[in-house]
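Student: Got a structure here, written out as structure tokens. Questions coming.
Numbering (UniProt numbering), first residue to last: 1 to 193.
Structure (structure tokens):
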């Protein structure tokens, strides 16, 4: 991880007490750390980290704040998402590297340092909402038109001037309309009585 040496924290050299670390994750960081399948290609996230050393245990507290650019789930155009996250990581010295849990990492004592670049990336990606879509009417009009053309349930909202999908399409379906196969089964239940 030579390209991420900036994110090496020399734990062995830290004195007892609390230490402050500040980072800025920019476009170059996201370009280098993400793979080709990664959604986050750009961003600007400020990271404030405190490291509290007590004996051979190090408690990291991270505060991340900024924005990242990801593709919209609906139209695939870029959308800027705000990132605001507080995370904790406990690092202990041991014989070999292991991750005991999501928050506890053991590193070899002879190495004496940890690279937090990947942890920061995970904190950012985990703070992004699962559903990432533009505000109504802001999606790419060409893509929205194509999606509406192939929609399974046609919308009768002619008074709506935006072509984006309505998240409440399931609610707008008439409750009385049922599949005829179910109606046939309901008839069988009625015959038994």
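Where a beta carbon is used, it is the ideal one built from N, C-alpha and C, also for glycine.
Measure the alpha-carbon distance for residue 57 versus residue 86 and round it to whole angstroms.
Tutor: Sequence index remark: in the chain shown, residue 57 carries index 57 (1-based). Sequence index remark: in the chain shown, residue 86 carries index 86 (1-based). Roughly 20 angstroms between the two C-alpha positions.
Student: Out of 130, 20, 55, which one is the CA nearest neighbour of residue 70?
Tutor: As a first step, residue 70 is located in the chain shown; it is residue number 70 there, counting from the start. Minimum Cα distance to residue 70 is reached at 130.
Student: Thinking residue 68 and residue 43 are a contact (beta carbons under 8 angstroms), I'd like their distance in whole angstroms, please.
Tutor: Stepping through the chain shown from its first residue, residue 68 is reached at position 68. Stepping through the chain shown from its first residue, residue 43 is reached at position 43. Sure, about 4 angstroms apart at Cβ, within 8 angstroms.
Student: From the DSSP secondary-structure annotation, give me the bridge partner or partners of residue 25.
Tutor: As a first step, residue 25 is located in the chain shown; it is residue number 25 there, counting from the start. DSSP, once it has assigned bridges, lists 45 as partnering residue 25.
Student: Let's test the definition: count the other Cβ atoms within 10 Å of the Cβ of residue 15 and tell me whether it reaches 16, buried, or not, exposed.
Tutor: What you label residue 15 is simply residue 15 of the chain shown in a count that begins at 1. With fewer than 16 Cβ atoms within 10 Å of its Cβ, residue 15 is classed as exposed.
Student: Assuming residue 107 and residue 121 form a contact by the criterion Cβ under 8 angstroms, report the distance between their Cβ atoms to the nearest whole angstrom.
Tutor: The residue labelled residue 107 in the question sits at position 107 within the chain shown. The residue labelled residue 121 in the question sits at position 121 within the chain shown. Not a contact, Cβ separation roughly 18 angstroms.
Student: Span of the beta strand (DSSP E) holding residue 85?
Tutor: Your numbering for residue 85 matches position 85 in the chain shown. First-last of the beta strand (DSSP E) with residue 85: 78-94.
Student: Taking the alpha carbon of residue 128 as the point to measure from, which residue in 141, 145, 64, 53 has its own alpha carbon closest?
Tutor: For the purposes of this step, residue 128 is taken as the residue at position 128 of the chain shown. Cα-wise, what sits closest to residue 128 is 64.
Student: Looking at C-beta atoms only, is the number of pairs between the stretch 112-119 and the stretch 3-19 that lie closer than 8 angstroms three or more?
Tutor: Contact between the stretch 112-119 and the stretch 3-19 is present, because at least three Cβ pairs lie under 8 angstroms.
Student: Would you report the Cα separation of residue 140 and residue 77, rounded to the nearest angstrom?
Tutor: The residue given as residue 140 occupies position 140 in the chain shown. The residue given as residue 77 occupies position 77 in the chain shown. Each residue's alpha carbon lies about 7 angstroms from the other.
Student: Any beta-carbon of chain B closer than 9 angstroms to the one on residue 67?
Tutor: Going by chain labels, chain B is absent from the structure shown, which holds only one protein chain.
Student: So the alpha helix (DSSP H) residue 119 belongs to, where does it begin and stop?
Tutor: For the purposes of this step, residue 119 is identified with residue 119 of the chain shown, where counting begins at 1. It spans 117-126 - the alpha helix (DSSP H) in which residue 119 sits, taken as one unbroken run.
Student: With 16 other CB atoms within 10 Å as the buried threshold, where does residue 189 fall?
Tutor: Translated into the one-based positions of the chain shown, residue 189 becomes position 189. Label assigned to residue 189: exposed.
Student: Given a threshold of 16 other Cβ atoms within 10 Å of its Cβ, counted over all protein chains shown, does residue 91 qualify as buried or as exposed?
Tutor: As a working mapping, residue 91 is identified with position 91 in the chain shown. Buried, by the Cβ-count rule.
Student: Check whether the Cβ atoms of residue 18 and residue 46 sit closer than 9 angstroms, and answer yes or no.
Tutor: For the purposes of this step, residue 18 is taken as residue 18 along the chain shown, with counting starting at 1. For the purposes of this step, residue 46 is taken as residue 46 along the chain shown, with counting starting at 1. Result no, Cβ atoms of residue 18 and residue 46 do not sit closer than 9 angstroms.
Student: Expressed to the nearest angstrom, what Euclidean distance is found between the alpha-carbon atoms of residue 29 and residue 138?
Tutor: Translated into the one-based positions of the chain shown, residue 29 becomes position 29. Translated into the one-based positions of the chain shown, residue 138 becomes position 138. Residue 29 and residue 138: Cα-Cα distance of roughly 28 angstroms.
Student: List the endpoints of the continuous beta strand (DSSP E) containing residue 148.
Tutor: Your numbering for residue 148 matches position 148 in the chain shown. No beta strand (DSSP E) holds residue 148; the alpha helix (DSSP H) holding it covers 141-149.
Student: Got a sec? Which residues, its chain only, sit under 7 angstroms from residue 95 by beta carbon, not counting five neighbours each side?
Tutor: Within the chain shown, residue 95 is the residue found at index 95, counting from 1. Excluding sequence neighbours, residue 95 sits near 108.
Student: Using 8 angstroms for Cβ pairs, my map puts residue 150 next to residue 75. What's the rounded Cβ distance?
Tutor: Counting from 1 along the chain shown, the entry for residue 150 is found at position 150. Counting from 1 along the chain shown, the entry for residue 75 is found at position 75. Going by Cβ atoms, the distance from residue 150 to residue 75 rounds to 13 angstroms, so no, they are not a contact pair.
Student: By the DSSP assignment, the beta strand (DSSP E) with residue 62 in it spans what residues?
Tutor: Sequence index remark: in the chain shown, residue 62 carries index 62 (1-based). Its beta strand (DSSP E) spans residues 57-71.
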